[in-house]
Amino acid sequence: MNNFQYARATDVADAVRQIAADPAAKFIAGGTNLVDLMKYEVERPARLIDISRLPLGTVQPTPSGGLLIGALVPNTDLAYHPIIEQRYPLLSSAILAGASQQLRNMASAGGNLLQRTRCFYFYDVATPCNKREPGSGCSAVDGINRINAILGTSEHCIATHPSDMCVALAALEAKVHVRGPAGERTIAFEDFHRLPGDTPERDTNLEPNEIVTAIELPPQGFAENHSYLKIRERLSYAFALISVAAALELDGNRIKEARLALGGVAHKPWRRPEVEAMLRGHAADELAFHGAADLLLRDAKGFSHNAFKIDLARRAIVRALTQAAKGTPQIQSQKKVR
Ligand SMILES: Cc1cc2nc3c(=O)[nH]c(=O)nc-3n(C[C@H](O)[C@H](O)[C@H](O)COP(=O)(O)OP(=O)(O)OC[C@H]3O[C@@H](n4cnc5c(N)ncnc54)[C@H](O)[C@@H]3O)c2cc1C
Ligand code: SF4
């Protein structure tokens, strides 16, 4: 049992003040990831700063025609929000592909971004893990790495980011609003999560003294032609082996705009601008979709147990793009549960 202090932040400025004053403190929102990590003794914060009652729970239109999602909007409320369902169904679908109804009721939008990897060794404190204990080694490289990354890995870490929601947010080109002692700043979604490199202990570019206040969606939601396809070991309540967020804007059968992001393959949602540029102006056909899959997976490298992911990802990309082009998105089985 590790003792820790508990304090509730009174407002966002107070939350920032408290976290800046104590490097051993952590924010707690829904607690669905952090409490597990504390039980496993992977994380041992000396102080929990409860942010769950801060006024960051609304979804509001922005002057530019987009949406501002408060960091404390529960995943369930976000997935079923009427504007999200109508204009950003890709995001709704990705959220509903994750976790369970009970977890989504507790999980917050900000916490989803900051959830930690599900690499088995990260959770097993008896094994070396550079992410948990820098410099100790990576047990997954030569261990059981079925769920680990095939893209953007380093010799120090081959973990994946486990979120579904983030894959859709990457495809939608969201922005993350954060606040720290120096004031507010906005981080492009592409720059929010990091590749492991030689600092795998850092998942994101959020500073330790900053709080996520909101996620901004641009106006374009790709409501007509999108699909979130998640491949996993079981049909529900499992993290992605591979997931694909595909979004197209079509002019007849020609692609005007394309977005493609992969989950379950890297330390961050995997997107390549050259893939989307290649699709632009092309007919929405199998030739283009196979070409996009090949280019997106060009640098993929499998390890002893996960090389199968490369072919699986290739097929999933083609299927998701085909579903998006036809306007027949993957339906998440949980969609009917309210
Ligand atoms: C059994 C199980 C299955 C799951 N399956 C899936 C799945 O299939 N797909 C999927 O995407 N997710 C899945 N999840 C993960 C779940 O979505 C996350 O645990 C959840 O989104 C985290 O949100 P939270 O509010 O509970 O975060 P917390 O646990 O409260 O916090 C998580 C981290 O974020 C930090 N944090 C929280 N809010 C902020 C903020 N506003 N600013 C700065 N830091 C913050 C905390 O300090 C902590 O480090 C699953 C979880 C469980 C337990
Ligand atoms: S892959 Fe990353 S999280 Fe997993 S054991 Fe290696 S260093 Fe740790």
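Count along the sequence shown starting at 1, add 1, and that's the number in this note's numbering. C-beta: ideal position from N, C-alpha, C; glycine also. No experiment lies behind these values; they were computed from the predicted model shown.
So L230 is in the beta strand (DSSP E); what residue range does that whole segment cover?
Counted from its first residue, the sequence shown places residue 230 at position 229. Note, L230: beta strand (DSSP E), 227 to 232.
With 16 other CB atoms within 10 Å as the buried threshold, where does G153 fall?
To locate residue 153, count along the sequence shown from 1; it is residue 152. The residue in question, G153, is buried, as its Cβ has 16 or more Cβ neighbours within 10 Å.
How far does the alpha helix (DSSP H) with R316 in it reach, from first residue to last?
Within the sequence shown, the letter at position 315 stands for residue 316. Residues 309 to 327.
So, helix, strand or coil for A7, using DSSP?
Indexing the sequence shown from 1 puts residue 7 at position 6. One point to set straight first is that residue 7 is Tyr, not Ala, in the sequence displayed. Strand.
Cβ atoms of V168 and S244: under 8 Å apart, would you say?
Locating residue 244 in the sequence shown gives position 243, counting from the first residue. Locating residue 168 in the sequence shown gives position 167, counting from the first residue. Result yes, Cβ atoms of S244 and V168 sit closer than 8 Å.
Between the Cα of H283 and the Cα atoms of A47, A326, P46, which residue gives the shortest distance?
The residue given as residue 283 occupies position 282 in the sequence shown. When each option's Cα is compared against that of H283, the closest is A326.
What residues match up with G60 in a beta bridge as DSSP calls it?
On the sequence shown, residue 60 is found 59 positions in, with the first residue counted as 1. The question names Gly, yet the displayed sequence has Val at residue 60. Note: V60 sits in a beta bridge opposite I70.
Please state whether the Cβ-Cβ distance between R281 and I256 is less than 8 Å.
The residue given as residue 281 occupies position 280 in the sequence shown. The residue given as residue 256 occupies position 255 in the sequence shown. Their beta carbons are under 8 Å apart, which means R281 touches I256 by this criterion.
Taking only three categories from DSSP, how would you classify T205?
Start at 1 with the first residue of the sequence shown, and residue 205 comes out as number 204. T205 falls in the strand class under three-state DSSP.
Quick check: the Cα distance between V74 and A183, rounded to an integer number of angstroms?
The sequence position of residue 74 within the sequence shown is 73, counting from 1. The sequence position of residue 183 within the sequence shown is 182, counting from 1. The straight-line gap from Cα to Cα measures roughly 25 Å.
Opposite G264 in the DSSP bridges: which residues?
Sequence index remark: in the sequence shown, residue 264 carries index 263 (1-based). According to DSSP, G264 shares a beta bridge with S244.
If you count every other CB in all the chains shown that lies within 10 Å of the CB of T63, and 16 or more means buried, which is it?
Residue 63 sits at position 62 when you count from the first residue of the sequence shown. Exposed: under 16 other Cβ atoms inside 10 Å.
Output the boundary residues of the alpha helix (DSSP H) element that contains T161.
Working through the sequence shown from its first residue, we reach residue 161 at position 160. No alpha helix (DSSP H) contains T161, which DSSP labels as neither H nor E.
By the DSSP assignment, the alpha helix (DSSP H) with H306 in it spans what residues?
Residue mapping note: residue 306 aligns to position 305 of the sequence shown, counting from 1. H306 -> no alpha helix (DSSP H), and no H or E assigned at all.
Would the C-beta of R105 count as close to ligand 4, meaning under 7 Å from any of its heavy atoms?
With respect to small molecules bound, the structure shown includes ligand 1 and ligand 2 and not ligand 4.
Could you tell me the distance, in whole angstroms, from the CA atom of D286 to the CA atom of T323?
By one-based count along the sequence shown, residue 286 stands at place 285. By one-based count along the sequence shown, residue 323 stands at place 322. The alpha-carbon of D286 is positioned some 8 Å away from that of T323.
Classify S109 as helix, strand or coil using the three-state DSSP reduction.
Residue numbering aside, residue 109 sits at position 108 when the sequence shown is read from its first letter. S109 falls in the strand class under three-state DSSP.
Taking 7 Å as the cut-off, is the C-beta of R186 nearer than that to any heavy atom in ligand 2?
Working through the sequence shown from its first residue, we reach residue 186 at position 185. No - ligand 2 has no heavy atom lying nearer than 7 Å to the Cβ of R186.
Cβ of F123 versus every heavy atom of ligand 2: is any distance shorter than 7 Å?
What you label residue 123 is simply residue 122 of the sequence shown in a count that begins at 1. Result yes, Cβ under 7 Å from ligand 2.
If you follow the alpha helix (DSSP H) that D51 is in, where does it begin and where does it stop?
Residue mapping note: residue 51 aligns to position 50 of the sequence shown, counting from 1. Note, D51: premise wrong, no alpha helix (DSSP H); beta strand (DSSP E) at 48 to 51.
Can you tell me which residues form a DSSP beta bridge with T29?
The count along the sequence shown starts at 1 and reaches residue 29 at position 28. It should be pointed out that residue 29 corresponds to Ile in this sequence rather than to Thr. Answer is D51, bridged to I29.
For H227, I'd like the list of residues in its chain whose CB is within less than 7 Å of its CB, leaving aside the five on either flank, ordered along the chain.
Numbered from 1 along the sequence shown, position 226 holds the residue referred to as residue 227. Hits under 7 Å: P90, L91, A247, A248, A325, P330.
For R340, count neighbouring Cβ atoms within 10 angstroms of its own Cβ and tell me buried if that reaches 16, exposed if not.
Any answer about residue 340 is impossible in this case: the structure gives the chain only from 2 up to 339.
Which residues share a DSSP beta bridge with P75?
Residue 75 sits at position 74 when you count from the first residue of the sequence shown. Answer is S109, bridged to P75.
Leaving out five residues on either side along the sequence, give the residues of the same chain with a beta carbon under 6 Å from the beta carbon of R272.
The residue given as residue 272 occupies position 271 in the sequence shown. Within the same chain, R272 has close Cβ partners A171, A262.
Could you give the uninterrupted runs of the alpha helix (DSSP H) lying entirely in the segment 251 to 297, keeping only those of 4 residues or more?
274 to 280, 287 to 297
Answer yes if the segment 5 to 16 comes into contact with the segment 44 to 51, meaning at least three C-beta pairs across the two stretches below 8 Å, and no otherwise.
yes
Per DSSP, L249 forms a beta bridge with which residues?
The residue given as residue 249 occupies position 248 in the sequence shown. Looking at the DSSP assignment, L249 forms a beta bridge with A259.
By the DSSP assignment, the alpha helix (DSSP H) with A14 in it spans what residues?
Residue numbering aside, residue 14 sits at position 13 when the sequence shown is read from its first letter. Counting along the chain, the alpha helix (DSSP H) containing A14 begins and ends at 13 to 22.
Distance check for L297 and E277, CA to CA, integer angstroms please.
Here residue 277 is taken as the residue at index 276 of the sequence shown, counted from 1. Here residue 297 is taken as the residue at index 296 of the sequence shown, counted from 1. One C-alpha to the other measures close to 9 Å.
Would you mind working out which of P274, V177, D165 sits nearest E217, comparing C-alpha positions?
Taking the sequence shown and counting its residues from 1, one reaches residue 217 at position 216. Closest by alpha carbon: V177.
Taking only the alpha-carbon atoms, compute the straight-line gap between N113 and P163 and give it to the nearest angstrom.
Numbered from its first residue, the sequence shown carries residue 113 at position 112. Numbered from its first residue, the sequence shown carries residue 163 at position 162. Roughly 9 Å separates the two Cα atoms.
Touching or not, the segment 141 to 148 and the segment 186 to 195, by the rule of three or more beta carbon pairs under 8 Å?
no
Rounded to whole angstroms, how far is the Cβ of S94 from the Cβ of Q333, which I believe are closer than 8 Å?
In the sequence shown, counting from the first residue as 1, residue 94 sits at position 93. In the sequence shown, counting from the first residue as 1, residue 333 sits at position 332. Right, their Cβ atoms sit about 6 Å apart.
Check whether the Cβ atoms of E134 and R180 sit closer than 8 Å, and answer yes or no.
Within the sequence shown, numbered from 1, the residue matching residue 134 stands at position 133. Within the sequence shown, numbered from 1, the residue matching residue 180 stands at position 179. For the pair E134 and R180, the CB atoms are not nearer than the 8 Å cut-off.
Considering only DSSP beta bridges, list what K176 is partnered with.
Counting from 1 along the sequence shown, the entry for residue 176 is found at position 175. Answer by DSSP bridge pairing, in chain order: A189, E217.
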